[in-house]
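So that you can map any letter, position 52 of the sequence shown is 51 in numbering that gives the first Met the number 0, and since no number is skipped, the others follow by simple counting.
Heads up, the thing below is written out as C-alpha cells.
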Amino acid sequence: MGKDKNPRRVADNEAMAKLRMLRTSPQKLNLVAALIRGKKVEKALTDLTFSKKRIAVDVKKCLQSAIANAENNHGLDVDELVVAEAYVGKNLVMKRGRPRARGRFGRINKPFSELTIKVRQIEEQA
C-alpha cells in the first residue's frame with residue numbers, strides 16, 4: 000500500500016547540498032561560488048579555507064555537507080569527487096532605512112541568498 004519512492008533529483012554519481020537564508024547578496028556569494036566551480040573537492044576546500052571573503056566559511060560548510068551526503072547517502076568515493084555545479088539564488092530582502100535630510104528616508108536593503116552545490120564522481124584517467 001504506501002506511497003512510491005520519490006525519484007532522485009540528481010544522477011546516480013552525484014550528490015547535492017543546499018544552504019538557504021545566507022545573509023549576503025547573491026552577487027557577492029556568486030564570486031565565491033565561481034571560485035570552486037569545476038574543481039576537485041580537496042582543491043576547492045583549500046581555496047575556501049584560505050579565502051579572505053567572509054561568506055567563504057558558509058560555502059565551505061555547504062561543500063562539506065555535499066561531500067558527506069555523497070559518501071554516506073550515495074556511497075561515492077570522496078577522492079574522485081568534483082564540484083559539478085555551484086549556483087546561487089535570490090532569497091528575501093529585509094528593507095531597512097535611515098532618516099535623511101529634509102524629511103526623506105534613505106532605504107537600505109539587506110538581501111539574503113541561497114546556495115546549491117552539486118558534486119559528481121568522475122573516474123580518474125591513468
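Ideal placement from N, C-alpha and C gives every residue a C-beta, glycine not left out.
Contact annotation: Lys59 and Ala83 have beta-carbon atoms that are not nearer than 8 angstroms. Thr45 carries a helical assignment under DSSP once its states are collapsed to helix, strand and coil. By the neighbour-count criterion, in which a residue is buried when 16 or more other Cβ atoms sit within 10 angstroms of its Cβ, Ile35 is buried. Under the DSSP assignment, Ile107 falls in the beta strand (DSSP E) whose first and last residues are 104-120. Gln26 counts as exposed, since fewer than 16 other C-beta atoms from the protein chains shown sit within 10 angstroms of its C-beta. When the Cα atoms are used, Leu30 and Arg99 turn out to be separated by approximately 32 angstroms.
Rounded to whole angstroms, the gap between the alpha carbons of Ser50 and Ser112 is 19 angstroms. If you draw a straight line from the Cα of Glu123 to the Cα of Glu13, it comes to about 16 angstroms. Going by C-alpha positions, Ala85 is about 22 angstroms away from Val92. Fully contained in the segment 9-69 are the following alpha helix (DSSP H) runs of length 4 or more, in chain order: 25-35, 40-48.
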